[in-house]
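Converting from the sequence shown to the numbering used here requires adding 43 to each position, the first position being numbered 1.
Report on the following structure.
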Amino acid sequence: MLANDGRVVSNFIVQALRGEDLTVYGDGSQTRSFCYVDDLIEGFVRFMNQTETVGPMNLGNPGEFTMLQLAELTLKLVGGRSKIVHQPLPADDPKQRRPEISQARSVLGWEPKVALEEGLRRTIEYFRTQV
Numbered sequence: 044m045l046a047n048d049g050r051v052v053s054n055f056i057v058q059a060l061r062g063e064d065l066t067v068y069g070d071g072s073q074t075r076s077f078c079y080v081d082d083l084i085e086g087f088v089r090f091m092n093q094t095e096t097v098g099p100m101n102l103g104n105p106g107e108f109t110m111l112q113l114a115e116l117t118l119k120l121v122g123g124r125s126k127i128v129h130q131p132l133p134a135d136d137p138k139q140r141r142p143e144i145s146q147a148r149s150v151l152g153w154e155p156k157v158a159l160e161e162g163l164r165r166t167i168e169y170f171r172t173q174v
């Protein structure tokens with residue numbers, strides 16, 4: 044993950060580590076699901092090792108968090124003086140993103156193990172060495 048990749052997790056972490064305010068669009072009630080990379084890799088490997096053709100399959104973490112919850116948790120874990128600022132919500136911003144992983148559970152015996160808070164801790168520690 045790059046510090047300037049434009050994704051919300053890296054944006055929030057880098058902003059907090061630099062002491063900048065975290066930008067939340069709208070009221071922050073839109074939800075997203077976050078899956079730690081180690082979990083995804085395990086899912087990919089299991090999928091590639093399947094002997095039967097199963098077609099497309101969703102991998103991800105079905106746990107949903109609001110953007111405001113993500114910003115607040117990031118601030119809690121990073122510490123410092125940053126605060127949350129709100130900007131207008133872009134018209135094309137989806138209200139919800141959540142993968143349906145029942146097929147991955149039943150066919151691959153896979154589901155994510157790393158909770159959001161633990162994944163954020165690990166990612167923050169990585170970014171502390173990069174920023």
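All C-beta atoms, glycine included, are put in the ideal place defined by N, C-alpha and C.
Counting the other CB atoms within 10 Å of its CB gives M91 a total below 16, which places it among the exposed residues. Residue environment for V80: exposed (fewer than 16 other C-beta atoms within 10 angstroms of its C-beta). DSSP places L60 within a helical segment (H, G or I) once states are collapsed to three. Taken through DSSP and simplified to helix, strand or coil, E168 comes out as helix.
Exposed is the label assigned to V97, since fewer than 16 other Cβ atoms lie within 10 Å of its Cβ.
From the listed residues Q58, F77, Y68 and T66, the smallest Cα separation to L163 is found for F77.
Between the region 52-61 and the region 108-120 there are three or more C-beta pairs closer than 8 Å, enough to call the two in contact.
By the Cβ-count criterion, V67 is buried, with 16 or more other Cβ atoms from all chains shown falling within 10 Å of its own Cβ. Across the structure, Q73 and E95 are spaced so that their CA atoms are roughly 37 Å apart. The shortest CA-to-CA distance from A134 to any of V150, G123, G69 and R165 is the one to G69. Under DSSP, the beta-bridge partners assigned to R75 are F108. By the neighbour-count criterion, in which a residue is buried when 16 or more other Cβ atoms sit within 10 angstroms of its Cβ, F87 is exposed.
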